[in-house]
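Per the UniProt record's numbering, the very first residue in the sequence shown carries number 1; after that it's consecutive.
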Amino acid sequence: MLKLTKTQTFLAANHERFRLLPLSQLAAIADTQETSLKSQTHTQKPLELHPSLHIDPKYFVSVLLNCKNIFQIKQAHAQIVANGLLTNLFVSNKLLYIYVQHKAIDEAHAFFGGMREKDPVSWSVMVGGFAKDGDFVNCFRTFKELTRCSVQPDNYTLPFVLRVCRDRMDLLMGSLVHGVVLKSGLCWDHFVCAALVDMYAKCRVIDDARKLFDDMHKKDLVTWTVMIDGYAECGNAKESLVLFDWMREEGIVPDKITMVTVVNACSKLGAMHKARFVHDYICSMKFSLNVILGTAMIDMYAKCGSVDFAREIFDGMREKNVISWSVMIAAYGYHGQGKKALDLFPMMLNCGIMPNRITFVSLLYACSHAGLVDEGFELFNIMWDKYGVKPDVKHCTCIVDLLGRAGRLDEALKLIENMTVEKDEGLWSAFLAACRIHKHVELAEWAAKSLLELQPQNPSHYVLLSNIYVNAGMWEDMAKVRNLMTKRNLKKIPGWTWIEVDNKIHQFSVGDKSHPLSKEIYGLLKSLIEKLELAGYVPDTNFVLHDVDEEVKVGMLYTHSEKLAITFGLIATPEGTPIRITKNLRVCGDCHTFIKFVSAITKRSIIVRDSNRFHHFNEGACSCGDYW
Numbered sequence: 001m002l003k004l005t006k007t008q009t010f011l012a013a014n015h016e017r018f019r020l021l022p023l024s025q026l027a028a029i030a031d032t033q034e035t036s037l038k039s040q041t042h043t044q045k046p047l048e049l050h051p052s053l054h055i056d057p058k059y060f061v062s063v064l065l066n067c068k069n070i071f072q073i074k075q076a077h078a079q080i081v082a083n084g085l086l087t088n089l090f091v092s093n094k095l096l097y098i099y100v101q102h103k104a105i106d107e108a109h110a111f112f113g114g115m116r117e118k119d120p121v122s123w124s125v126m127v128g129g130f131a132k133d134g135d136f137v138n139c140f141r142t143f144k145e146l147t148r149c150s151v152q153p154d155n156y157t158l159p160f161v162l163r164v165c166r167d168r169m170d171l172l173m174g175s176l177v178h179g180v181v182l183k184s185g186l187c188w189d190h191f192v193c194a195a196l197v198d199m200y201a202k203c204r205v206i207d208d209a210r211k212l213f214d215d216m217h218k219k220d221l222v223t224w225t226v227m228i229d230g231y232a233e234c235g236n237a238k239e240s241l242v243l244f245d246w247m248r249e250e251g252i253v254p255d256k257i258t259m260v261t262v263v264n265a266c267s268k269l270g271a272m273h274k275a276r277f278v279h280d281y282i283c284s285m286k287f288s289l290n291v292i293l294g295t296a297m298i299d300m301y302a303k304c305g306s307v308d309f310a311r312e313i314f315d316g317m318r319e320k321n322v323i324s325w326s327v328m329i330a331a332y333g334y335h336g337q338g339k340k341a342l343d344l345f346p347m348m349l350n351c352g353i354m355p356n357r358i359t360f361v362s363l364l365y366a367c368s369h370a371g372l373v374d375e376g377f378e379l380f381n382i383m384w385d386k387y388g389v390k391p392d393v394k395h396c397t398c399i400v401d402l403l404g405r406a407g408r409l410d411e412a413l414k415l416i417e418n419m420t421v422e423k424d425e426g427l428w429s430a431f432l433a434a435c436r437i438h439k440h441v442e443l444a445e446w447a448a449k450s451l452l453e454l455q456p457q458n459p460s461h462y463v464l465l466s467n468i469y470v471n472a473g474m475w476e477d478m479a480k481v482r483n484l485m486t487k488r489n490l491k492k493i494p495g496w497t498w499i500e501v502d503n504k505i506h507q508f509s510v511g512d513k514s515h516p517l518s519k520e521i522y523g524l525l526k527s528l529i530e531k532l533e534l535a536g537y538v539p540d541t542n543f544v545l546h547d548v549d550e551e552v553k554v555g556m557l558y559t560h561s562e563k564l565a566i567t568f569g570l571i572a573t574p575e576g577t578p579i580r581i582t583k584n585l586r587v588c589g590d591c592h593t594f595i596k597f598v599s600a601i602t603k604r605s606i607i608v609r610d611s612n613r614f615h616h617f618n619e620g621a622c623s624c625g626d627y628w
């Protein structure tokens, strides 16, 4: 038999309103009361309650809303019990909600489990509470229990569950919830539909997201922002900017959050004209450059080819955090200006900003792309001892890349073998790329084996290994790799090059003849190559990955997408202006040499953004110093 204290006995016998409560619950409530009374003499401020008994539910709802901490909530909980109002669903739901708002999820869950009656609001609050707390397992479990109890989910519960699916990128569960949405008749509800669009976009099922988006009768700013961001994340930044223009035509005024997504889309597209337009629009809307928007714009200008514009934004920001500094350091890094990247580090420290793991990734990346081996090792050695930043696989990858580019493959291999952190595909890719640069077939095969175990469905790994075999003249081994790709239904990612002219993106593939000015492009390219050959340019057929005659190889080289885009740029842009192109893959060695000669002969500055970094060609030289 449960033994009661004097206070518990008093609560049990004092009023008939307690007769509906289990004895154990009365004991727990009384214990809460005793604990509360003891605590009042210490640090906690007691909740001020009217001395008389109040059974008006509105009074206790007001009390709950004024609770500042869990101590006061439990006091109010005890008073609600003492006044017999736990059976009032309105009050119980409010109490549950207050527990959740104060992140007392365990207390909320315990109270929810003891509720004799629950309505859709009760379930919604509990599902939302678990979602906000990051307890996805209990969130899904509670939602499933809700559906089993034949409770109709509302437009509060469903968005919470869909956001969990989004955060976990759980497309299967998201699709099942979509089915519940259809059965519940909420498919046209604005909040539910917006959450579905968000979920599908984040799960990269962009076509389904767009269909839902197009079918929505009303689209608010949040939905537009989600859709714009979804296209950018799925690699279609061009459509993101089309949507932004459409949104403005519909009279929807963007906020700073929307502009951050638009700026990020420009970063991915790499189109300077679009970047300038978006910058001008931000200025016209008088948006101040806070840390988030300002940092996004630094990244945008850097990835559109102008590290100088990026630095202007950086210098103009009133407030900078560690991410702002890290992004600016990274910008110098992938533009090949490693010394300037390192110069920023002491400036950051002098401003009282301590580095984090991202800062050191940016610094080490800058060192690896500028050949600053000693500086990179010094940073790697002090990051933990001096700044308390423990090296992870990203930092180790940068060091492997640093050593590999410098031709110190044995040291890179020793570092990999002695690593205590788990090796990932990024690290093995960096080592494999170094093997390609220095034509070390044996180590390449070893790295490729580990890489393909981690990512057997990534075609770029097979292509890189086959390229290494081609450069070594090992055509039979290359054929085996390509046959393995065929068996696994893997296709090589096609190479594309983009150039922006007059606010329009022109796209070229190898041997492309689909452009309206194709005849003019090939005519100029032919005469241009003749001039280059007279100046000393010799086509490097090692970059043709086919076992064909030398003459055929030369013909293939001449129609690479980079060459076509640059030739079009010479036709379509004013003489003396820079030509900016973007390549989705790494620029090949022959094209790199070709562009150096073009910049010398035409006296044009050519800026190339490939999958690894930026190359600035001027008067026959590249900013990378042929170190890439």
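We treat Cβ as the ideally placed atom computed from N, Cα and C, and that holds for glycine.
Fair warning: this is a prediction, and the values are worked out from it, not measured in the lab.
Taking the beta strand (DSSP E) that residue i belongs to, which residues open and close that run?
i, result
"R580", "I579 to K583"
"H615", "F614 to N618"
"H506", "K504 to S509"
"V441", "Unbroken run through V441 is the alpha helix (DSSP H), V441 to L454; no beta strand (DSSP E)."
"V361", "Where V361 is concerned, there is no enclosing beta strand (DSSP E), although the alpha helix (DSSP H) it sits in stretches over R357 to A370."
Going by CA-CA distance only, name the one from the options that's closest to residue i.
i, options, result
"H273", "I399, V361 and C304", "C304"
"S611", "G569, I493 and K513", "I493"
"R168", "V137, K519 and C193", "V137"
"D133", "R163, E117 and K118", "R163"
"N69", "L85, L95 and V81", "L95"
"L363", "N66, K339 and M474", "K339"
"T161", "G129, H190 and G523", "It should be pointed out that residue 161 corresponds to Val in this sequence rather than to Thr. If we check each option's Cα against that of V161, G129 comes out closest."
"G376", "K390, C396 and V389", "C396"
"L443", "E453, F431 and R166", "F431"
"T559", "I529, T582, T573 and E575", "I529"
"L465", "F71, A448 and E476", "A448"
"M348", "K74, I323, K218 and E233", "I323"
Would you say residue i faces chain B, with C-beta separation under 8 Å as the test?
i, result
"K414", "The structure shown contains no chain B; it holds only a single protein chain."
By Cβ distance below 7 Å, which residues in the same chain neighbour residue i in space, the five residues on each side in sequence not counted?
i, result
"D626", "none"
"K563", "L525, C591 and F594"
"T225", "I257, T258 and T261"
"V278", "V262, V263 and C266"
"F309", "Y301"
"V91", "P57, F60, V61, I80 and L85"
"E422", "V393"
"P159", "F191, V192 and A195"
To the nearest angstrom, report how far apart residue i and residue j are at their CA atoms.
i, j, result
"M227", "G536", "50 Å"
"L557", "S527", "15 Å"
"A76", "G114", "17 Å"
"K439", "V400", "16 Å"
"M199", "V192", "11 Å"
"R276", "I521", "28 Å"
"residue 631", "H369", "Only positions 1 to 628 of the chain appear in the structure, and residue 631 is not among them; the question remains open."
"F111", "M126", "10 Å"
"D424", "S518", "43 Å"
"Y365", "S509", "30 Å"
"L53", "A82", "Confidence is the limiting factor: at L53 the pLDDT is only 48, short of 50, which leaves the residue's position unreliable, though a coordinate-based value still follows. The alpha-carbon atoms of L53 and A82 are separated by roughly 9 Å."
"G185", "G179", "10 Å"
Quick one: what's got a C-beta closer than 6 Å to residue i's C-beta in the same chain, skipping five residues either side?
i, result
"H616", "I607 and S623"
"M247", "W224"
"L532", "F597"
"S288", "none"
"N584", "W496"
"P355", "Y387"
"residue 629", "Shown here, the chain extends from 1 to 628; a query on residue 629 therefore has no answer."
Could you check where the alpha helix (DSSP H) with residue i kicks off and where it finishes?
i, result
"W496", "W496 -> not in any alpha helix (DSSP H); beta strand (DSSP E) instead, spanning W496 to V501."
"R609", "Not the alpha helix (DSSP H): R609 falls in the beta strand (DSSP E), residues I606 to R609."
"V205", "That residue, V205, is in no alpha helix (DSSP H); it is neither H nor E in DSSP."
"F287", "That residue, F287, is in no alpha helix (DSSP H); it is neither H nor E in DSSP."
"D135", "Note, D135: premise wrong, no alpha helix (DSSP H); not H, not E."
"R166", "T157 to R168"
"residue 637", "Since the displayed the chain opens at 1 and closes at 628, residue 637 lies outside it and no answer follows."
Is the beta carbon of residue i within less than 7 Å of some heavy atom of the ligand FAD?
i, result
"F71", "In the structure on display, the ligand FAD does not appear, and there are no ligands present to speak of."
Just to confirm my understanding: we take residue i, look at its own chain, exclude 5 residues before and 5 after, and list those with CB closer than 8 Å. What are they?
i, result
"H335", "A302, V307, R613, F614, H616 and S623"
"V481", "Y462, L465, S466 and Y469"
> At a cut of 8 Å, does the segment 114-125 reach the segment 148-159 through at least three beta carbon pairs?
Replying inline: yes
> For the 8 Å Cβ check, are there 3 or more pairs between the segment 559-575 and the segment 257-275?
Replying inline: no
> If we count Cβ pairs, one from each stretch, closer than 8 Å, do we get three or more for the segment 381-388 versus the segment 409-428?
Replying inline: no
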